[in-house]
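Report on the following structure.
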Amino acid sequence: MDFPTLVSDLGRRLGLSLNLEENGSCGVTFGDDEIGMELVDGRLFLISHLASSLGHETDCARLLNAAHMGLESGFANFGIDEAAGEFTLTRTLEGSMSQETFEKALVLFVRSVRYWKAWLTLPASEQSAQIEPFDLNFTMLRI
Numbered sequence: 000m001d002f003p004t005l006v007s008d009l010g011r012r013l014g015l016s017l018n019l020e021e022n023g024s025c026g027v028t029f030g031d032d033e034i035g036m037e038l039v040d041g042r043l044f045l046i047s048h049l050a051s052s053l054g055h056e057t058d059c060a061r062l063l064n065a066a067h068m069g070l071e072s073g074f075a076n077f078g079i080d081e082a083a084g085e086f087t088l089t090r091t092l093e094g095s096m097s098q099e100t101f102e103k104a105l106v107l108f109v110r111s112v113r114y115w116k117a118w119l120t121l122p123a124s125e126q127s128a129q130i131e132p133f134d135l136n137f138t139m140l141r142i
């Protein structure tokens with residue numbers, strides 16, 4: 000299925016009116032987690048702001064390591080929104096996919112957002128001790 004159909008079908012399943020606007024974007028909130036979706040050149044970008052990047056300069060190496068081959072980032076990439084002063088997480092979806100595959104990708108993205116938001120809010124001394132390592136097994140997650 001194409002991304003506009005996948006997004007609108009997701010909205011129906013959630014009981015929401017969720018459609019990509021004329022500019023190709025929309026957003027949805029799962030709990031406290033805002034997920035932006037933007038369709039550009041046939042690719043759907045999932046985007047979320049994680050936490051302030053100010054004072055977290057030493058965390059950049061850990062985030063880059065986590066994003067290596069997507070192993071601890073849910074196949075997403077970290078970035079910094081300079082205007083907002085925040086770390087972001089972005090995942091790019093390409094090609095036709097089933098509703099089930101789309102929803103699994105979205106669940107994994109939301110799970111990754113939640114993990115890294117929690118990790119970034121801990122003091123540096125507690126980051127490795129307090130948060131379990133990210134696990135790509137997302138089948139039991141409920142968002």
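In numbering that gives the first Met the number 0, the protein residues as written are 0 to 142.
Cβ coordinates follow ideal geometry from the N, Cα and C atoms, glycine included.
No experiment lies behind these values; they were computed from the predicted model shown.
Task: Completely contained alpha helix (DSSP H) runs for the segment 47-122, where each covers 4 or more residues - done: 59-66 and 98-120
Task: Inter-stretch contact at 8 Å, needing at least 3 Cβ pairs: the segment 53-70 / the segment 9-28 - done: no
TODO: Measure the alpha-carbon distance for L41 versus V112 and round it to whole angstroms.
DONE: With the sequence shown as reference, residue 41 is identified as Gly, and Leu is not the correct amino acid for it. Distance between the alpha carbons of G41 and V112: 23 Å.
Open item on the list: Using a 10 Å radius around the Cβ and a threshold of 16 neighbouring Cβ atoms, would you call V109 buried or exposed?
Closed with: buried
Open item on the list: What residue range does the alpha helix (DSSP H) around G10 cover?
Closed with: Start and end: F2 to L13.
Task: Cutoff 7 Å; reference L140; Cβ partners in own chain excluding five residues on either side - done: The predicted model places L140 with a pLDDT of 38, which falls under 50 and marks its position as unreliable; any figure quoted below should be read in that light. Excluding sequence neighbours, L140 sits near V106 and R110.
Task: Paired residues, beta bridge with L45 - DSSP - done: M36 and R90
Open item on the list: Please list the terminal residues of the continuous beta strand (DSSP E) segment that includes G26.
Closed with: S24 to F29
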